[in-house]
Amino acid sequence: MSHSPFFPTWESFNAHLDSLGLFRMKPGLERVHEGVARLNLGNPCLTLVHIVGTNGKGSTAAFLHAIASAHGYTTGVFTSPHFVTPRERIRIGGEMLSREAWLDLANDVYAACPELEFSYFELLTLMAMLAFVREGVDLAIMEAGLGGTWDATSVFAHHLTLVTPVGMDHEQVLGSTLEAIARDKAGAIEGGEVVCAPQQPGIGDIFRTRADAKEAGFREMPRDGGFVCPDGAMLDIDQIRLGLAGAFQKTNARLALAGWSVCSRIRGWSFSSLECMHGLSHARHPGRMQIIPGDPMVLLDGAHNLMGLEALARSLDQMHFGPEVMIFSCMKDKNLLDHLDRVRALCSGLILVPGIPDNSRAMDPHDLARLLGPRARACSSMHEAFDVIGKTGKRVLVCGSLFLLGEYFRMRPDML
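Position one of the sequence shown corresponds to residue -16 (this note's numbering), numbered consecutively onward.
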């Protein structure tokens, strides 16, 4: 399709995205509903899975994509945030779309909705669904950006909602209690079926109540045990070498497996325990307990809230990866600032705090280093942090923010 005058080049579109503001939110879903109607996306001929929760949404999407692909089905996956380029957020068959495809999508959205002032996330949500419909994917996997009730991904009629573990995060927007956060995320449920990961006491009931009110089927996963497949096989996640490292990934893998079981049942798709094992063992999701071999050896993890920090600490113990140096930063609005003792406990040695350029939410590295104490040292960039470390053979942990990991991937795009 020829480009309209809205965005003649990738650079002009990227400039428009920057002008929208990565963190700028607009209340209400009216714009997205109108965009869906004008683009004729209301009843797409695909199976749609919505993933909500606090931690593990992207990993669950990666596992579900890998399982579907192993069975021969084509997926479209929409996730956030990105590390280096927004093109990471929309993938078909595991691959990013070309710049030309992005331009076509953006121009077509604005051709249909020239006067609608979408937010950054709203625009990309519409572009993702438009891409999935045009490419004719079998399975569309949409990760909620923030919460559920007012998230742009919630405007579509989902066949299945997967709920990952809920924890404290984004309290300024979603609420100051775990129950309030869960109620906001549960607002994404409008029907279909729901599979919920194990939750803290009382939280699963919030999702069950919402599912009942919307006449949606509901199942809460057990914390442990094997998974009985439709083909009669018993899959023991503990005995599968998952493609994603970390003890917490077992929960995400079980949730994805249960999700595929639902998809195969409602769509009549094949379900093979062997293909499921193949998919789970080949899943890939950069920045989640990702080990980069070399000198120094680096472990990247996107832990950016208390739940993630606790899971990271358990995984480091189980992997016997004792970091000797840590590169850490976090956002001003994250509850990690209330738990810096846990941050310090992750590493026995030097803590380097680089700046994150062009990010208004990032903590000032000098202020954060002072809060972390005498072992911490501010530095200007990720490059400077690794210059300080040098080729010492030390084990390095990079964590605290997905945006910090983005700075690493800008330095090492070959690892993305």
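Every residue, glycine too, gets a C-beta built ideally from N, C-alpha and C.
Quick check: what's the CA-CA separation for E198 versus E173?
In the sequence shown, counting from the first residue as 1, residue 198 sits at position 215. In the sequence shown, counting from the first residue as 1, residue 173 sits at position 190. Rounded to whole angstroms, E198 to E173 spans 8 Å at the Cα level.
Distance, P97 Cα to H16 Cα:
Working through the sequence shown from its first residue, we reach residue 16 at position 33. Working through the sequence shown from its first residue, we reach residue 97 at position 114. Each residue's alpha carbon lies about 15 Å from the other.
Inter-stretch contact at 8 Å, needing at least 3 Cβ pairs: the stretch 191 to 205 / the stretch -1 to 17
Counting Cβ pairs under 8 Å, fewer than three are found: no touch.
Return the CA-CA distance between D221 and I274, expressed in angstroms with no decimal places.
As a first step, residue 221 must be located in the sequence shown, where it is residue number 238. As a first step, residue 274 must be located in the sequence shown, where it is residue number 291. Their Cα atoms are separated by approximately 20 Å.
Which whole-angstrom value is the C-beta distance of L329 and L380, which I expect to be below 8 Å?
Here residue 329 refers to the residue found at position 346 when the sequence shown is read from its first residue. Here residue 380 refers to the residue found at position 397 when the sequence shown is read from its first residue. About 6 Å; that satisfies the 8 Å criterion.
Three-way DSSP call (helix, strand, coil) for P69 in this model
Here residue 69 refers to the residue found at position 86 when the sequence shown is read from its first residue. If DSSP states are grouped into helix, strand and coil, P69 belongs with the helices.
Answer yes or no: do G285 and R378 have a C-beta to C-beta separation smaller than 8 Å?
The sequence position of residue 285 within the sequence shown is 302, counting from 1. The sequence position of residue 378 within the sequence shown is 395, counting from 1. No, the Cβ-Cβ distance between G285 and R378 is not below 8 Å.
With which residues is I274 paired in a DSSP beta bridge?
To locate residue 274, count along the sequence shown from 1; it is residue 291. In the DSSP output, where bridge partners are listed per residue, I274 has L282.
Just checking, does the stretch 25 to 35 make contact with the stretch 122 to 129 on the three C-beta pairs under 8 Å criterion?
Using a C-beta cut-off of 8 Å, the stretch 25 to 35 makes contact with the stretch 122 to 129, since at least three inter-stretch Cβ pairs fall below that distance.
Can you tell which of F66, W85, V67 has its C-alpha closest to the C-alpha of I75?
The residue given as residue 75 occupies position 92 in the sequence shown. Across the set F66, W85, V67, the C-alpha of W85 shows the shortest separation from the C-alpha of I75.
L240 (DSSP reduced to helix, strand or coil):
Within the sequence shown, numbered from 1, the residue matching residue 240 stands at position 257. L240 carries a helical assignment under DSSP once its states are collapsed to helix, strand and coil.
Cβ-based neighbour list, R297, same chain, cut-off 7 Å, excluding 5 preceding and 5 following:
By 1-based counting over the sequence shown, the position of residue 297 is 314. Answer for R297: A230, listed in chain order.
Does the contact criterion of 3 or more C-beta pairs under 8 Å hold for the stretch 51 to 60 versus the stretch 254 to 261?
The stretch 51 to 60 vs the stretch 254 to 261: in contact.
At least 3 beta-carbon pairs within less than 8 Å: the stretch 141 to 148 vs the stretch 158 to 175
Yes, the stretch 141 to 148 is in contact with the stretch 158 to 175.
For P10, collect the residues of the same chain with a Cβ closer than 8 Å to its Cβ; drop the 5 residues on either side in sequence, then sort them by chain order.
Here the question's residue 10 lines up with position 27 in the sequence shown. Excluding residues within five positions, the ones whose Cβ falls inside 8 Å are W133.
My guess is that A111 and F61 are in contact by the Cβ rule of under 8 Å, so how many angstroms apart are they, rounded?
Taking the first residue of the sequence shown as 1, we reach residue 111 at position 128. Taking the first residue of the sequence shown as 1, we reach residue 61 at position 78. That belief holds up - the Cβ atoms of A111 and F61 are roughly 4 Å apart, short of 8 Å.
Do the stretch 278 to 295 and the stretch 113 to 123 meet, that is, are 3 or more Cβ pairs less than 8 Å apart?
These segments do not touch.
For M398 versus M365, is the C-beta distance shorter than 8 Å?
The residue given as residue 398 occupies position 415 in the sequence shown. The residue given as residue 365 occupies position 382 in the sequence shown. It is not a contact, given that the beta carbons lie outside the stated cut-off.
Distance, Cα to Cα, A228 vs H303?
Position 245 of the sequence shown, counting from 1, holds the residue named residue 228. Position 320 of the sequence shown, counting from 1, holds the residue named residue 303. Those two C-alpha atoms are separated by around 13 Å.
Restricting to Cα atoms, I'd like to know which of L161, S63, P337, A89 is closest to A135.
For the purposes of this step, residue 135 is identified with residue 152 of the sequence shown, where counting begins at 1. If we check each option's Cα against that of A135, S63 comes out closest.
According to DSSP, E100 sits in a beta bridge with which residue or residues?
As a position in the sequence shown, residue 100 is number 117, starting the count at 1. For E100, which the question treats as bridged, DSSP gives no partner whatsoever.
Quick check on M302: does DSSP put it in helix, strand or coil?
Here residue 302 refers to the residue found at position 319 of the sequence shown. M302: helix per DSSP, three-state reduction.
Using a Cβ-Cβ cut-off of 8 Å (strictly less than) and excluding sequence neighbours within five positions of C246, which residues of its own chain qualify?
Position 263 of the sequence shown holds residue 246. Excluding sequence neighbours, C246 sits near T30, V32, A51, L122, H142, L143, W252.
Looking only at C-alpha atoms, which of E367, R353, L387, M8 sits nearest to L157?
What you label residue 157 is simply residue 174 of the sequence shown in a count that begins at 1. Ranking E367, R353, L387, M8 by Cα distance to L157 puts M8 first.
Closest to F392 by CA distance: which of L354, I339, Q232 is it?
Within the sequence shown, residue 392 is the residue found at index 409, counting from 1. Residue I339 is the option with its Cα nearest to F392.
Going by beta carbon distance, what residues of the same chain come within less than 8 Å of G131, once the five residues before and after it are set aside?
Walking along the sequence shown from the start, residue 131 turns up at place 148. So the list reads V35, S137, D167, K168, A169, G170, A171, I172, once near-sequence residues are dropped.
Endpoints, alpha helix (DSSP H) assigned at L349
For the purposes of this step, residue 349 is taken as the residue at position 366 of the sequence shown. Rather than Leu, the amino acid found at residue 349 in this sequence is His. Residues 348 to 355.
Let me confirm a value: S363 is counted as buried when at least 16 other C-beta atoms fall within 10 Å, else exposed. Which label applies?
By one-based count along the sequence shown, residue 363 stands at place 380. That one is exposed.
Residues near G187 by beta carbon distance below 8 Å, same chain, minus five either side:
The residue given as residue 187 occupies position 204 in the sequence shown. C179, P181, E203, listed in sequence order.
Rounded distance between the beta-carbons of Y103 and L240, thought under 8 Å
As a working mapping, residue 240 is identified with position 257 in the sequence shown. As a working mapping, residue 103 is identified with position 120 in the sequence shown. Not quite, the Cβ-Cβ distance comes to about 33 Å (not below 8 Å), so this is no contact.
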